[in-house]
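Chemist: The following block contains the structure, expressed as structure tokens.
In the numbering used here, the protein residues as written are 0 to 69.
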């Protein structure tokens, strides 16, 4: 019997796609299908988790000026 999984279509650039693949590599339960270079189908229940993890990764990789510098 076929099994259906609710998913959400995510459109993103290749760099964000790579970050999502990295997040998924730890648990292997986020990505349902890799459609192409800019589209992923992810588990609907994992959308908020992916957003939080992406924000953490992007914050870590963002340059922060030292105090007093423009």
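All residues carry an ideal CB built from backbone N, CA and C; glycine is no exception.
Considering only the beta carbon of each residue, do residue 38 and residue 8 sit closer than 8 Å?
Modeler: Yes, these two residues count as a Cβ contact at 8 Å.
Chemist: When burial is assigned at 16 or more other CB atoms within 10 Å of the CB, is residue 45 buried or exposed?
Modeler: Result: buried.
Chemist: Taking the Cβ atom as the reference point for each residue, do residue 47 and residue 29 lie within a distance shorter than 8 Å?
Modeler: No, the pair does not count as a contact, with Cβ atoms beyond the cut-off.
Chemist: Can you tell which of 4, 6 and 15 has the C-alpha that lies nearest to the C-alpha of residue 70?
Modeler: It is not possible to answer for residue 70, since the shown part of the chain is limited to 0 through 69.
Chemist: Considering just the uninterrupted stretch of the beta strand (DSSP E) at residue 18, what are its terminal residues?
Modeler: Unbroken run through residue 18 is the alpha helix (DSSP H), 13–26; no beta strand (DSSP E).
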